[in-house]
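Asks: Chains as they are written, first to last, in our numbering: chain A, 1 to 263; chain B, 264 to 595.
For each residue, glycine too, the CB sits at the ideal point set by N, CA and C.
As the structure is a prediction and not an experimental result, all values here were calculated from the model.
I'd like to ask some things about the structure below.
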């Protein structure tokens, strides 16, 4: 089983307070802690577990720049056989369709039975996996939370639907699956593991390597463009208690009692 | 502007709640246009849904096909591609079905795709300006979308106020257009087998008046006991958000949200929960919402009644002690 996982490096929202920059056209990125997109990490773990059962190789690819090599090394330290950086100035400003177009060109350079992505990125919206599948004319399933091999050419999968119910399907290979968080328990990666892969070469593919022109990717081809960021104001917002911790505790208990919540 | 279609998902003859929210979103995309509903399915169920949504739409298109009796996104995509005019604007709800269908539909209709849209900020000609959220709702973004060759847009459930239907309004002049003949037989690389219902857990969080709900801020499995002790003292139950279940710190049956349980407590203590819309979608009945989070930018503070910026690992144990003290005093 040859598996490709498409991954991204994103600001870690559990580690960061996201602030706007002074111009308001981007978030303040200087102090941000970046990591692999959480759902993508589950996708890599799932790929590693499938390969452990059935044999094969796991390739992790990302579209980005040199800074993004760190997540490729992290996933190689987890056990991925190969990390690939797909990088070119011509890719800057690509929308989701542009990214899917770049990935399609990369997929066609190899032979993959299964392509996994995370269900969504912190700054995305569950777009690239489904677009990539349609560009390749492969079957697709989103929100996948279990994968089982049926025979050489078919998988049995479940999708997470409303209320925690599971929709079971069979799907032909090759296919694209977007992986939901919680599907497995991603293994721990220590600094030692990352050091061991620090000098492994990471092949880079450029636009010309993939035969891509600017008519299909990059800013000129993008139909969807983010123009600015702003801080949302949904409703009136909470009344923030600014007392000491003890005062806040008293206030919380008073409120819980007043709202009919204390026995 | 191009014709706007709202894809209506449905189950057992009943349209999904967001069917009427899509109509509202469509009217904001183009106030001059009356949107068209488009439905796929089979049999009496499909006709029942058509009748239910007809009053809210200028026209209703139905695609009846036995292969579409269960909503398989790949088959529905193939059917829609055969029926939709080339530069259509298609709106779908951003939930598990829309997430499955929309990206591929945008490729096959060669149109722009924007997902999880919260608002329409205006438009001029082929330029449509929409509002999205990024980074777990900590910031919003204006996004421009070139709709000259059509668009597929998924709409966040609950973001638009449903179009009210006037009771007793006539549906006689609201026609249903049957597009079934344009489709024919369909085949897909993914085939539906069955639906497995979620397991019931040891505690039914839907039956409690007070929920102590924990999120990623609980940090590790051993800390769940901190919330359980508070819940015991309050006579409450512990529920949680998705990251806690993903990390296997609590059972799936304790999860509040669109992919978990829908709860209606009187008081909801959101402890270390950022407040993603998927989580908030599981909280109904407008409980009194108290949020405790050490990140002052956490989106939960936008929707909570009362907020406290503090570390739950320190705040909750002290709160528990105070509750126990009160019980001791009361018992004397």
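1. My understanding is that residue 309(B) touches residue 325(B), with C-beta atoms under 8 Å, so please give their C-beta distance in whole angstroms.
2. Residues of chain A with CB closer than 7 Å to the CB of residue 454(B), please, in chain order.
3. Taking just the CA atoms, how far does residue 50(A) sit from residue 395(B)?
4. Using three-state DSSP, classify residue 238(A) as helix, strand or coil.
5. Can you confirm whether residue 589(B), when its beta carbon is compared against all beta carbons of chain A, has any partner nearer than 9 Å?
6. Roughly how many whole angstroms lie between the Cα atoms of residue 266(A) and residue 173(A)?
7. For the stretch 560-582 of chain B, which residues have a beta carbon sitting closer than 9 Å to at least one beta carbon of chain A?
8. Give a yes or no on contact between the stretch 187-203 of chain A and the stretch 59-76 of chain A, applying the rule of three or more CB pairs nearer than 8 Å.
9. With a CB to CB cut of under 8 Å and the five nearest residues on each side skipped, what residues in its chain are close to residue 157(A)?
10. Quick one: what does DSSP say residue 211(A) is sitting in, helix, strand or coil?
11. Which same chain residues end up closer than 8 Å to residue 312(B) when comparing Cβ atoms and leaving out the 5 residues on each side of it in sequence?
12. Against chain B, which members of the stretch 126-149 of chain A pass a CB distance test of less than 8 Å?
13. Would you identify the three-state DSSP class for residue 19(A), choosing helix, strand or coil?
14. Is residue 387(B) helix, strand or coil by DSSP?
15. Buried or exposed, going by whether 16 or more other CB atoms sit within 10 Å of the CB of residue 196(A)?
16. Going along chain A, which residues have a C-beta under 7 Å from residue 362(B)?
17. Please return the same chain residues whose Cβ sits closer than 6 Å to the Cβ of residue 12(A), not counting the five positions on each side in sequence.
18. In terms of DSSP beta bridges, what is residue 34(A) paired with?
19. Between the alpha carbons of residue 286(B) and residue 94(A), how many angstroms are there, rounded?
20. Is it true that the stretch 518-531 of chain B meets the stretch 542-557 of chain B, where meeting means three or more beta-carbon pairs spaced less than 8 Å apart?
21. Would you mind sorting residue 358(B) into buried or exposed? The rule is 16 or more other CB atoms within 10 Å of its CB.
22. Looking at the structure shown, is residue 482(B) part of a helix, part of a strand, or coil, going by DSSP?
23. Looking only at its own chain, which residues have a Cβ that is under 8 Å from the Cβ of residue 46(A), when we skip the five neighbours before and after it?
24. What do you get for residue 591(B), buried or exposed, if any count of 16 or more other CB atoms within 10 angstroms of its CB means buried?
25. Would you call the CB atoms of residue 24(A) and residue 228(A) closer than 9 Å?
26. Hey, does residue 281(B) have any beta-carbon neighbour from chain A nearer than 9 Å?
27. Please list, in chain order, all residues of the same chain as residue 586(B) whose beta carbon is under 8 Å from its beta carbon, the five residues on each side excluded.
28. List in chain order: all unbroken beta strand (DSSP E) runs of 3+ residues lying wholly within the stretch 520-591 of chain B.
29. Whose CA, out of 576(B), 280(B), 328(B) and 337(B), lies closest to the CA of residue 455(B)?
30. Just confirm the distance between the C-beta atoms of residue 400(B) and residue 540(B), as a whole number of angstroms; I'd bet it's less than 8 Å.
31. Check whether the stretch 408-417 of chain B and the stretch 332-352 of chain B are in contact - that is, three or more C-beta pairs closer than 8 Å.
32. Below 8 Å on C-beta distance, what does residue 486(B) contact in chain A?
33. Does DSSP put residue 321(B) in a helix, a strand or coil?
34. Step through the CB atoms of chain B and report whether any lies within less than 9 Å of the CB of residue 108(A).
35. If you measure between the beta carbons of residue 1(A) and residue 54(A), is that distance less than 9 Å?
36. With the cut-off set at 9 Å, would you say residue 327(B) and residue 381(B) are in Cβ contact?
Replies: Taking the coordinates as given:
1. That belief holds up - the Cβ atoms of residue 309(B) and residue 325(B) are roughly 6 Å apart, short of 8 Å.
2. Those are 169 and 170, listed as they occur along chain A.
3. 35 Å
4. Of the three classes helix, strand and coil, the one that applies to residue 238(A) here is coil, per DSSP.
5. yes
6. Here chain A covers residues 1 to 263 and nothing more, so residue 266(A) does not appear.
7. 560, 561, 562, 563, 564, 565, 566, 567, 568, 569, 570, 571, 572, 573, 577, 578, 581 and 582
8. yes
9. 141, 144, 146, 147, 148, 168, 169, 170, 171 and 177
10. DSSP places residue 211(A) in coil when its eight states are reduced to three.
11. 271, 273, 276, 277, 278, 302 and 304
12. Under the 8 Å Cβ criterion, the stretch 126-149 of chain A contributes 126, 127, 128, 129, 130, 131, 133, 134, 135, 138, 139, 140, 141, 142 and 143.
13. coil
14. strand
15. exposed
16. Those within 7 Å of residue 362(B) in chain A are 126, 142 and 143.
17. 33 and 35
18. 11(A)
19. 31 Å
20. yes
21. buried
22. coil
23. For residue 46(A), the CB contacts under 8 Å within the same chain, skipping 5 residues up- and downstream, are 116, 147, 179, 183 and 184 in chain order.
24. Looking at its Cβ environment, which holds fewer than 16 other Cβ atoms inside 10 Å, residue 591(B) is exposed.
25. yes
26. no
27. 493, 496 and 497
28. 530-534, 551-555 and 569-571
29. 337(B)
30. 7 Å
31. yes
32. None at all; the shortest Cβ gap to chain A is about 15 Å.
33. Three-state result, residue 321(B): coil.
34. no
35. yes
36. no
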